[in-house]
Each structure stands twice: as structure tokens, then as C-alpha cells.
Amino acid sequence: MSRYPFAQRSPAARRQAAIRRHLPTIGLESEGLPMWTKLFNRPADVALSLGTNCEMAFNLNAFYGPRKAGLLDWMITPLSALPGLITSGFRLVGPGFAEALERVELGGGSDSVMHVPSGILLHHAFPRDAERVNPAWQDGISEVAKKYTYLGTRMEHTLRKARKPVLFLNRAGLHEGMTREMHEASLEPGIYQEILQAVRAINPRGHLVILNGNPAGLERVRRKRGVHIAEVRNFGVWHEGIRNHFGGCREGWYAALDGLGIAVRRSEAAPVFAEKAAGVTESGTRRSLAPHP
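All letters in the sequence shown, in the order written, are residues 215 to 507 by our numbering.
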């Protein structure tokens with residue numbers, strides 16, 4: 215049965231399904247999931263989310279099945295932060311990490327904690343009371359630092375060692391707390407090229423999937439080897455039947471991911487879709503159903 219239940223599979227998708235039935239089972243101990251895709255013509259062993267918000271990770275888990283948590287899965291990450299973060303080996307935590315965090319207002323009565331040097335919102339890192347960060351959030355910085363050090367190190371190691379990594383990127387990560395310079399840099403047409411170069415510096419075999427991207431920037435990378443582009447359109451059913459769910463429009467996301475031609479075959483458990491997924495991530499952070507800024 216298709217993992218995309220809302221329409222008949224295309225002939226290409228049916229061919230991929232037939233191929234996958236004859237592939238040997240592939241075991242995997244890293245972040246990603248074994249996959250077979252017409253784009254790669256061989257199995258790819260890692261699927262990672264580069265953000266820019268939890269919508270990306272949520273839909274990877276919903277469409278392909280559960281994955282181990284990545285550093286950027288539940289953050290709001292401006293595109294401008296990604297080249298430097300990837301180049302550093304995903305080392306968000308360093309000397310002065312605690313001093314680099316600041317609570318910022320996001321509008322509409324909501325707030326978050328921002329890593330000021332990068333503009334990254336640690337939106338699920340600290341306890342929240344409804345739309346507000348708990349006033350005692352600074353008491354948890356030490357545990358957050360340990361967790362993000364571990365996740366960043368694991369993500370860098372996984373990307374570096376992968377034979378065929380594919381990294382998914384959604385939107386621009388813009389938010390009210392970022393500086394004007396970060397906002398402008400995130401919309402620069404050359405930003406996708408910088409991100410691709412940073413990925414390839416760690417692993418030259420890396421592929422980049424860009425969803426809902428800036429058209430001017432997409433034109434600069436559209437013909438690059440290993441770059442794949444898609445757009446999510448809002449139609450049909452939303453995740454969990456909730457309009458403006460933070461995971462977006464379920465039917466639109468499934469159509470976009472299906473259209474990429476990247477099929478993920480899991481060797482362990484049957485897929486668990488978002489409707490049945492637990493409300494707690496691997497890191498123990500509860501996911502709100504409210505849309506993100």
C-alpha cells in the first residue's frame with residue numbers, strides 16, 4: 215500500500231515500489247533511513263532535516279516514518295545561520311553559550327529564547343506556559359547545552375560518514391526576533407549555494423532538497439548536481455484535521471514529498487504517521503499543536 219494515501223501512484227512511483235520489493239533489507243544505526251530513489255540510482259543511507267522549523271522534521275517523520283532527532287529538528291533556524299553552523303560541524307554550543315541566549319518577543323503574545331549570535335530560536339528547548347517561556351528557563355541551560363552538544367556532534371558524524379546523505383530544507387526561518395541583517399541575508403539569492411557548499415565540504419556526496427524556497431535563490435542552484443526542489447501547496451486535509459497545524463497541510467506535504475521521487479524503505483518497524491505519533495520527541499520535548507511564527 216502506498217505511503218501517500220490520497221492519490222493513485224504515478225508510473226514512476228510504481229516502478230520504484232517494484233524495485234524496493236526486490237532490494238535486500240538494509241540495517242542502519244545512524245540518523246537516517248535506508249532509501250531507494252530514482253534520483254540517486256542507489257540506496258541513500260541518511261536523511262537529515264536542516265529546518266528551518268519543525269514543520270520539516272515533522273513531515274519527514276510523518277511521511278517516511280520515525281527518525282532519530284537531529285539538532286535542528288525543533289528549532290527555528292534562519293537560512294543565514296546555516297552555512298556557518300554546518301561548517302562548524304553543527305557546534306551550536308561553545309564558550310559563552312549561556313550568555314548568548316536571550317528571551318525575545320515574537321508578537322501575538324508569544325516569546326522564545328534566541329541564540330543571539332546565530333539568530334536561532336530554541337523554541338522547544340525550555341518549558342513553556344502556553345505561549346510564553348517559563349520565567350525560570352535559565353535554570354535549564356546546562357541540560358540544554360549537554361543535549362545540543364550531543365545532537366550536534368552526532369549530526370556532524372552522521373553526515374561525514376554517510377555514503378549518500380540527503381538533507382531537507384524548508385522555508386527561510388524568518389522570525390520577529392532576528393536582526394535586519396539576518397533577515398536580509400536569509401533572502402539573499404546566493405544563500406542556497408552557500409549552504410550547499412558547506413554541506414559538500416563535510417561530505418561531497420551530499421544532496422540537498424529545498425522545499426518552499428525563495429525563487430531567486432532557487433534559480434542559482436536548480437541545475438546543480440544533487441539539488442532537488444519542490445513546493446508544498448495547501449489543499450485537502452491538514453495534519454490531525456487541524457487547520458494551520460504546525461506541521462502544515464498533510465495532503466500537500468505528502469504530494470510534494472511523493473513527487474520528489476525519494477522513497478524511504480524502513481527495515482525495522484511499520485511507518486508511524488503523524489496522527490499516531492507520540493507528543494514527545496526523542497529529546498523529551500513536547501510538541502505544541504499551535505502554528506509557529
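Even for Gly, the Cβ is constructed at its ideal location relative to N, Cα and C.
Sequence-distant residues of the same chain with beta carbon closer than 6 Å to M328, five excluded per side: Along the sequence shown, read from residue 1 onward, the residue named residue 328 stands at position 114. Contacts found: E316, V318, L335, G391.
Contact under 8 Å by Cβ, P379 with H421: Locating residue 379 in the sequence shown gives position 165, counting from the first residue. Locating residue 421 in the sequence shown gives position 207, counting from the first residue. Taking 8 Å as the Cβ cut-off, P379 and H421 qualify as a contacting pair.
message: Measuring only the C-alpha atoms, how far is H389 from L320?
response: Here residue 389 refers to the residue found at position 175 of the sequence shown. Here residue 320 refers to the residue found at position 106 of the sequence shown. One C-alpha to the other measures close to 7 Å.
message: Quick check on P280: does DSSP put it in helix, strand or coil?
response: Here residue 280 corresponds to residue number 66 of the sequence shown, with the count starting at 1. Note: P280 maps to coil in three-state DSSP.
- prompt: Can you list, in chain order, the residues of its chain whose CB lies under 7 Å from that of S263, leaving out five sequence neighbours each side?
  reply: Taking the sequence shown and counting its residues from 1, the one referred to as residue 263 is at position 49. So the list reads M270, A271, L274, G284, L286, D287, F382, once near-sequence residues are dropped.
Assumed close pair P403, A430 - CB separation to whole angstroms, cut-off 8 Å: As a working note, residue 403 is residue 189 in the sequence shown. As a working note, residue 430 is residue 216 in the sequence shown. Sure, about 4 Å apart at Cβ, within 8 Å.
message: Alpha carbons only, please: which of D472, L365, A261 is nearest the one belonging to P280?
response: Translated into the one-based positions of the sequence shown, residue 280 becomes position 66. The candidate whose alpha carbon is nearest that of P280 is A261.
- request: Please classify N348: is it buried, with 16 or more other beta-carbons within 10 angstroms of its beta-carbon, or exposed?
  value: Within the sequence shown, the letter at position 134 stands for residue 348. That one is exposed.
- prompt: DSSP beta-bridge partners for A261?
  reply: The residue you call residue 261 lines up with position 47 of the sequence shown. According to DSSP, A261 bridges with V380.
- prompt: Which residue comes first and which comes last in the beta strand (DSSP E) that contains M328?
  reply: Numbered from 1 along the sequence shown, position 114 holds the residue referred to as residue 328. Where M328 is concerned, the enclosing beta strand (DSSP E) stretches over 324 to 329.
- request: Report yes if the CB atom of V446 is closer than 8 Å to the CB atom of A470, and no otherwise.
  value: One-based indexing of the sequence shown puts residue 446 at position 232. One-based indexing of the sequence shown puts residue 470 at position 256. Yes, the pair counts as a contact, with Cβ atoms nearer than the cut-off.
query: Taking all protein chains shown into account, do 16 or more other C-beta atoms lie within 10 angstroms of the C-beta of I456, making it buried, or fewer, making it exposed?
result: In the sequence shown, residue 456 corresponds to position 242, counting from 1. I456 is exposed by the Cβ-count criterion.
field: Beta-carbon proximity of G440 to L293, cut-off 8 Å
entry: Within the sequence shown, residue 440 is the residue found at index 226, counting from 1. Within the sequence shown, residue 293 is the residue found at index 79, counting from 1. Contact flag unset, no.
- prompt: Could you give the C-beta distance for L373 and I424, rounded to a whole number, given that I count them as a contact under 8 Å?
  reply: The residue given as residue 373 occupies position 159 in the sequence shown. The residue given as residue 424 occupies position 210 in the sequence shown. L373 to I424, Cβ: 17 Å. No contact.
message: For A469, report the span of its alpha helix (DSSP H) as first-last.
response: Working through the sequence shown from its first residue, we reach residue 469 at position 255. Run containing A469: 464 to 473, per the alpha helix (DSSP H) assignment.
- prompt: What three-state label does DSSP hand T301 in the structure shown?
  reply: Numbered from 1 along the sequence shown, position 87 holds the residue referred to as residue 301. DSSP places T301 in helix when its eight states are reduced to three.
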